[in-house]
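The sequence shown runs 281 to 387 under the numbering used here.
Only one structure is covered here, and it is reproduced in the block below.
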Amino acid sequence: MVSDFEKICQEDFNQYREISKRFQNVRMENPSELNELTRDTWLLASRWSEIQSMASKIGQECGVNKTDFQNWAYQKYRQLQELHITCRSWYRLAVEEERQIRMMEGV
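Below, the structure written as structure tokens:
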């Protein structure tokens, strides 16, 4: 189901979709990809936080309910925040695993 709000923030929502796809395909064996995704989710979450904070202005300009738009934008922000936390945790685990493998190979 496509939200009418997607039309208001089309480029931002496209970036949100792309991040979601990248997250679905990320592999624990690739710490550099996890690190990049961690950074990108944080940056995009910051953008969605900004969008949410401008809900009154956007609502007036686009003729949409401010509260509904703000809630929608907040949900995108929160989801990105959760992805960021997950990727950051996975990155730490992947780096630690690589370190342990190198130590075991050195023994």
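The C-beta atom is built at its ideal place from N, Cα and C for all residues, glycine as well.
Quick caveat: nothing in here was measured; it's all calculated off a predicted structure.
- Where CYS289 is concerned, there is no enclosing alpha helix (DSSP H), because DSSP gives it neither an H nor an E.
- Going by DSSP, SER312 is part of the alpha helix (DSSP H) stretching over 311 to 333.
- In the displayed model, VAL375 falls within a helix according to three-state DSSP.
- Taking the Cα positions, ASN345 is about 6 Å away from GLY339.
- Straight through space, the alpha carbons of CYS342 and GLN361 are spaced by roughly 26 Å.
- Assigned with DSSP and collapsed to three states, ARG382 falls in helix.
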